[in-house]
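Structure first, then comments.
There are 6 protein chains.
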Amino acid sequence: MTRIEEALAKATVLVESLPYIRTWAGKTVVIKMGGETLEDDDLLGALATDVALMKFVGINPVVVHGGGPQISDAMGKLGKKAVFVGGQRVTDHETMEIVKMVLLGQINKRIVTTLNAQGVLAAGISGEDGNLITARKALGSVGEDLGFVGEVEKIEPAIVNGLISSDFVPVVAPVATGPDGSYNINADVAAGAIAGALAAQKIVFLTNVPGLYRDLGDEGSLISETTADQLAKLLADGVLSEGMIPKIASAVSAIKDGVPQAHILDGRVKHALLLEVFTDEGIGTMVTA
Amino acid sequence: MTRIEEALAKATVLVESLPYIRTWAGKTVVIKMGGETLEDDDLLGALATDVALMKFVGINPVVVHGGGPQISDAMGKLGKKAVFVGGQRVTDHETMEIVKMVLLGQINKRIVTTLNAQGVLAAGISGEDGNLITARKALGSVGEDLGFVGEVEKIEPAIVNGLISSDFVPVVAPVATGPDGSYNINADVAAGAIAGALAAQKIVFLTNVPGLYRDLGDEGSLISETTADQLAKLLADGVLSEGMIPKIASAVSAIKDGVPQAHILDGRVKHALLLEVFTDEGIGTMVTA
Amino acid sequence: MTRIEEALAKATVLVESLPYIRTWAGKTVVIKMGGETLEDDDLLGALATDVALMKFVGINPVVVHGGGPQISDAMGKLGKKAVFVGGQRVTDHETMEIVKMVLLGQINKRIVTTLNAQGVLAAGISGEDGNLITARKALGSVGEDLGFVGEVEKIEPAIVNGLISSDFVPVVAPVATGPDGSYNINADVAAGAIAGALAAQKIVFLTNVPGLYRDLGDEGSLISETTADQLAKLLADGVLSEGMIPKIASAVSAIKDGVPQAHILDGRVKHALLLEVFTDEGIGTMVTA
Amino acid sequence: MTRIEEALAKATVLVESLPYIRTWAGKTVVIKMGGETLEDDDLLGALATDVALMKFVGINPVVVHGGGPQISDAMGKLGKKAVFVGGQRVTDHETMEIVKMVLLGQINKRIVTTLNAQGVLAAGISGEDGNLITARKALGSVGEDLGFVGEVEKIEPAIVNGLISSDFVPVVAPVATGPDGSYNINADVAAGAIAGALAAQKIVFLTNVPGLYRDLGDEGSLISETTADQLAKLLADGVLSEGMIPKIASAVSAIKDGVPQAHILDGRVKHALLLEVFTDEGIGTMVTA
Amino acid sequence: MTRIEEALAKATVLVESLPYIRTWAGKTVVIKMGGETLEDDDLLGALATDVALMKFVGINPVVVHGGGPQISDAMGKLGKKAVFVGGQRVTDHETMEIVKMVLLGQINKRIVTTLNAQGVLAAGISGEDGNLITARKALGSVGEDLGFVGEVEKIEPAIVNGLISSDFVPVVAPVATGPDGSYNINADVAAGAIAGALAAQKIVFLTNVPGLYRDLGDEGSLISETTADQLAKLLADGVLSEGMIPKIASAVSAIKDGVPQAHILDGRVKHALLLEVFTDEGIGTMVTA
Amino acid sequence: MTRIEEALAKATVLVESLPYIRTWAGKTVVIKMGGETLEDDDLLGALATDVALMKFVGINPVVVHGGGPQISDAMGKLGKKAVFVGGQRVTDHETMEIVKMVLLGQINKRIVTTLNAQGVLAAGISGEDGNLITARKALGSVGEDLGFVGEVEKIEPAIVNGLISSDFVPVVAPVATGPDGSYNINADVAAGAIAGALAAQKIVFLTNVPGLYRDLGDEGSLISETTADQLAKLLADGVLSEGMIPKIASAVSAIKDGVPQAHILDGRVKHALLLEVFTDEGIGTMVTA
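Chains as they are written, first to last, in our numbering: chain S, 1 to 289; chain P, 1001 to 1289; chain D, 2001 to 2289; chain A, 3001 to 3289; chain L, 4001 to 4289; chain E, 5001 to 5289.
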């Protein structure tokens, strides 16, 4: 391209972003970052840029993060075996301590400092801060005791709203106040519940697959757009992969709570979030009411 | 480019805009649109997009427009000959009436409706509204009576600030309240004075040349960066073209009034404003203190 | 009168104004100024004083003006014949350009500068600014194409409210954003629609007759008080003069929209507005729900 | 006068008031009402109208009242003789109780209810409320013990400002918090000190003479305008009547504290306050810096 | 106690107050002080401390006071006999003047200065200030003319709310604006009506008995908790003492108006108010809905 | 004690607290909790009550905590030896990870949940959130490399102020953003720097000794009051114990930064904080300017 063509190409991209900026200004978007997304410094840096850009054009991003691989890793180092029942980590007291140390002491602050480096001010909190997430004890699918594993009982969004109105990007670790101490909450589920309580306009799940497939083995079967009702049917039919279930359930539930859009994106693609929010690029799977 | 490459290219442009958005958020930028810029619907549409994008990412654009060619045109239709002395239109009472009708009745509203069509709310005002511009009578360089041609005496920016804080893009026609009725003010000069009074962070002159040349005949001599002091010297040396003089004088004066940056851009290049504000593209001439 | 008697007479007038000031404080009053009112500098000056006094005692006046005679005049000068169908000006593209130039470039700014001279800050806008008035195409009574003549479709009062809360007197020219460019709106109708959208407490039509007559030929038959229902009947009966129809229709419609009072006053009487608003003088015709 | 002439005369008076309204809008005016003014229901009603009109056009009136005759009267009824030393009431404990009962229990509330009847909301307070006036013990001119007679030590204007910003007219009785209980303060002096502390723009003393005379016996020698310096000289020269001394001293002191204007008016003239504030009538004596 | 034990005891009391402070923060509590409470400087000082403490921990106390004994006393001194019909003071014009002088000139200011001495800012007002209490004429139980004795017709709480939001403790004397001048209102009734109009959370009647007794002669029959319905029954049964009737009627009426709690406390017990509001001590009689 | 005596004793304690509440309302108090204080659930619960009480009476408490013993404990469990040089923990990258996990993942949230249980809303943050604490690398006293041990370079208090104005109690872990990742900051030093940046009115160090002793071996030599200058001398003289040095240095530095008072209290005494803030009990050591 000549210099003029290049300039024009740049202008075209920026002009393309205008209607998206117009649409999303002043709205809240919840972004769930999976533990996988957090392992690559480059990816996390690109994500932080995307979140910063959202903040600067007037969107209120709220980050909720997981940390599964990092928790298992830490348990390994401490000679403790991770046990899963139906996809949920059995969480005894000691495990819960490790969960908190990894989520709050490692991952949360890593996201915060990466965002701060982009010139936005991020503030990391746990679901216990300001009673953001209250949990009740969850049981396994056949009634197993999973320990300190919780279901969301109530969201008190005041602390998140306070941080937003003080112009911070809240970064939330999915630890909740439970009946007898801290509880571990699935990060997808926490993100969906927070999106509902904040009356967010969008929730984005960044994961390690390109989106939802009609037929898991067939790359061409990626579903680019679907509805909460169709997803509820897939959930009921039991045809989803174990990792996809909480995302889909959380997307369905957030839409039921009034969040107009949910997205499942490949967090391993650099700037996937940016492209989804600001361009015509149709990537991943979009869910609407 | 493959689809992935295209997506990445888009992302790159958006990421490149981040530091510019960060820098300019909340700041006021005055944009002088010359009469030439306003004759082509496509160009005006592109300009409106640029201004809208600025507004949406948190910048406060203020448009000041001229209308020289359109005024001469209307005078011709009315069988009245345009007379210029030292680059300034001799403005008798009848001419002043035509000036107001063209600037306020045609051009101002054309810019307003084009901006409104981009989803921002624009509001057209004259320098007489809210006593925005008060003028004293100007004389020609050798003391000729130019009629209702004025020099800026005082700027009362309350109406512009009021519109900004009600979230409108002010569009200002350079007509002033003078000692004995309405006065005609050079639009470049009005833009500079308004930029100073608003404590704007930048003033952009959109004109019909690529920028300021060291040697007018030599395209390669475009000055991409200079200072107010160097320009003041050029003005004193009398080496500038007649059309460039008020722009340069106004740029120098705005910088003296505390506006940190002035730009002279080619308004005939689509999205020149956008590229200047949001990308690394070095176009036109930048003036700093 | 002796000096003491004079002083007492003055005091009496001021004291008489107190209950009116008390009643109208903080309320919005829309004032329609007809083109006729605007031709005499003295009258316009007196009107400006009245509007300024309203503003200073805490009323929010909003001026809407016409300009019929001035438009016809300008068309004559340009060798263009004014054509009316059923009292409405057939408005081709060229005529619309003249309408805008006269309304915005002449009349609007004349009112603004006359008000500014009284020490209030006035701001002139068109119905296109901030999308204040959106129009659809109007047809003549038997379906004739009237060109760019519009009916009010929607009022977006944000810009007027913004100016009021920044302490300006808005002065509105009845030009609207239509489906294919600017549209000409009857000023009486525009004033009524704006009064309704602003939830004004009163609309005053300043015209060139002393009020509404029961019997047009009989000066003694002036109706000093009537209701919207009675007026609606007069409209249906087809007994009103052509010039009175839009005023009466607009008064009826504003009252239907919740404006409690409409007045038809003789704008040729100096300070008619002042006397109506602040004294016990019963002048013109008052319409209530 | 014909009806038209009458209407015009009314309009003229209102128009004459415009520049005064413009000048005084938003400003604070302290009005000292002498005990004499308060004895005639008609006069008090007219005064209340004047104060109400001031409030409605955006002025902030603050009333400070005396009550000398009424206190002496009450003492008489209780068989207690009023004793004066150098114009100051010797105030033993019992007298102080009577002072409070008369000022707060009679006069203050009479002014409040008269103002309320005009449609403004008045609120009566004592100088002890919110520690508005703190007094130290005053001595007579040759050191006599005057009992609970005080000099102003400090004004805490918060309560008056709070009432003003809640849109009430404060009505202040000149009782102060002293070192050992309530103290009696000269109302002229209290008014002047409050005007200074409020940064009032004007203080008006309503009294029972037409103003200050150069030569007390000669009606033609009324001083219509003078300065604080000239008054200070008169005070020093000891040529003022006993009743005028505290007014003049207080006017001088308020002007020293930055109040631009003081007026001495004849409170027995109906609407004297109104005429002074809103018309060209030159009445009483005006003092400036 | 050892020094450590003492410290611990202190800490325990403070800790005990925490839940009460938490519950009452930001809420309005109306306190009726009977004339008896006001006769002992020590008691009044302790009460002022209690009110100040309430204010400082974020409660908005509003004091309403009576003055029966003091009024009768003043009447006696003036040689005027107090006449009561059915517990209500027959109030001729002269008596009404004495009522105002005593309530406003003595008692109200005494409470204000005692509160000011505790470091809160109190402001004394009458029910006539800002039209706080409007009364209609009351008749005796068998239709006797009681003179200027009123029933509450309307409460305009703006002045009280204004004082609260300016951080003052309002102290209200039960004098009302009536149809033909000032009216005397029972202080218990005034307090109840004000509590209802302010949407207070609690009203406390400080009186000269320990509370309400089931059997007046039996100290052991103190009712520590009851409901408005039960009290309404007692009222209907006519078994209450004359002094208790207005308190009970007012408590019942305030609760009907939405005030959740009423208390009847012995004002002669030092710090009874403090103990009721901030500790577990069950004193007096509590009434709930 | 009889019931009456008990009640009176309670009242006395509450009344004693009034002047303290009055003095401290609206002021910020920074509380440094040492790691030792945090090991006993009962003590922590009592501390949380004290902090809650402060919050409820209008004080803004800000908690800064350490965690030395807990970090050493965790390191032990992970088979890593804690190394100290001159009282400072040598912090390699792995240690820093443990520091963050313990401080943020364990201790910070434990304080937050204990406070939340008292009915205040607490929010736990790290010094990296919102760039609260920026650190530069610290060296040992003889230039040893201590790894990720930092000195405070800059405090950005926006996040703490934002939480305070949203009515949360901020709980800060002393981790900072350093030149190459997270840095470990001495909690005493962090607390002092934050107190200075917040313009706090008081800083309280809760520690495991009764205060500062003139002669460490002599219990009777407790210094109950001293000045920053005297402490600076003690620091220079090198006579302080290693654990006391950072407290004293931090107290001196906070006072230099304008904090009027610093306290060193025995955190092992239940409700020591409460007694210090709200009673006349003189406990611990108070430092003033």
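Using N, Cα and C, we set each Cβ at its ideal position, and we do this for glycine too.
Going along the chain, which residues of its own chain have a beta-carbon closer than 6 Å to the beta-carbon of residue i, five neighbours each way excluded?
{"i": "L/Ser4253", "result": "Gly4192"}
{"i": "A/Ala3048", "result": "Thr3114, Leu3115, Gln3118"}
What does residue i touch in chain A if you count any residue whose Cβ is under 9 Å from its own?
{"i": "D/Gly2119", "result": "Leu3018, Pro3019, Arg3022"}
{"i": "L/Gln4070", "result": "Within 9 Å Cβ-Cβ: nothing; L/Gln4070 doesn't reach chain A, min ~11 Å."}
{"i": "D/Thr2002", "result": "Those within 9 Å of D/Thr2002 in chain A number zero; the least Cβ separation is about 13 Å."}
{"i": "L/Ile4159", "result": "Leu3121, Ala3123, Leu3163, Ser3166, Phe3168"}
Kindly say whether residue i, judged by its beta-carbon, lies nearer than 8 Å to any beta-carbon of chain S.
{"i": "E/Ile5283", "result": "no"}
{"i": "P/Leu1053", "result": "yes"}
Excluding the five sequence neighbours on either side, which residues of its own chain have a C-beta within less than 7 Å of the C-beta of residue i, listed in chain order?
{"i": "E/Asp5050", "result": "His5271, Leu5273, Leu5274"}
{"i": "S/Ala351", "result": "Outside the shown range of chain S, which is 1 to 289, sits residue 351 of chain S, and nothing can be said about it."}
{"i": "L/Glu4128", "result": "Val4175, Ala4176, Thr4177, Ser4182"}
Using beta carbons (cut-off 8 Å, strictly below), is residue i in contact with chain P?
{"i": "D/Leu2047", "result": "no"}
{"i": "S/Lys270", "result": "yes"}
With a threshold of 8 Å between beta carbons, is residue i in contact with chain L?
{"i": "A/Gly3238", "result": "no"}
{"i": "E/Lys4964", "result": "The structure shown has nothing for residue 4964 of chain E, since chain E only spans 5001 to 5289."}
{"i": "E/Leu5222", "result": "no"}
Give me the DSSP bridge partner(s) of residue i.
{"i": "E/Ile5133", "result": "E/Ile5155"}
{"i": "L/Phe4084", "result": "L/Arg4089"}
{"i": "P/His971", "result": "The question about residue 971 of chain P has no answer here: the residues shown for chain P are numbered 1001 through 1289."}
{"i": "L/Met4075", "result": "Bridge partners of L/Met4075: none, in fact."}
Taking Cβ positions only, does residue i come closer than 8 Å to chain A?
{"i": "L/Asp4073", "result": "no"}
{"i": "L/Leu4101", "result": "Here residue 4101 of chain L is Met; the residue named in the question, Leu, does not match the sequence. Answer yes: the Cβ-Cβ gap between L/Met4101 and chain A drops below 8 Å somewhere."}
{"i": "L/Lys4109", "result": "yes"}
{"i": "D/Val2063", "result": "no"}
Just to check my reading of the structure: residue i and residue j have Cβ atoms closer than 8 Å, yes? What is that Cβ distance to the nearest angstrom?
{"i": "L/Val4171", "j": "L/His4065", "result": "7 Å"}
{"i": "E/Ile5203", "j": "E/Thr5285", "result": "12 Å between Cβ atoms; not a contact."}
{"i": "A/Val3152", "j": "A/Gln3088", "result": "Actually they do not touch by this definition, with Cβ atoms about 14 Å apart."}
Is the CB of residue i under 8 Å away from at least one CB in chain D?
{"i": "P/Thr1288", "result": "no"}
{"i": "A/Lys3010", "result": "yes"}
{"i": "A/Leu3146", "result": "no"}
Interface residues of chain L around residue i at Cβ under 8 Å?
{"i": "A/Asn3116", "result": "Glu4128, Gly4130, Asn4131, Thr4177"}
Counting only Cβ pairs nearer than 7 Å, list the residues of chain P close to residue i.
{"i": "D/Val2112", "result": "Glu1128, Asp1129"}
Find the residues of chain S that neighbour residue i, judging by a C-beta separation of less than 8 Å, and give them in chain order.
{"i": "E/Glu5006", "result": "Chain S residues near E/Glu5006: none, gap ~36 Å exceeds 8 Å."}
Quick one: list the residues of chain S neighbouring residue i, beta-carbon separation under 7 Å, in chain order.
{"i": "E/Leu5104", "result": "Leu104, Gly105, Lys109"}
{"i": "P/Val1169", "result": "Per Cβ cutoff of 7 Å: no residues; P/Val1169 is ~14 Å from chain S at best."}
Residues of chain A with CB closer than 7 Å to the CB of residue i, please, in chain order.
{"i": "L/Glu4094", "result": "Ordered by position in chain A, no residue passes the 7 Å Cβ test against L/Glu4094, which lies about 10 Å from the chain."}
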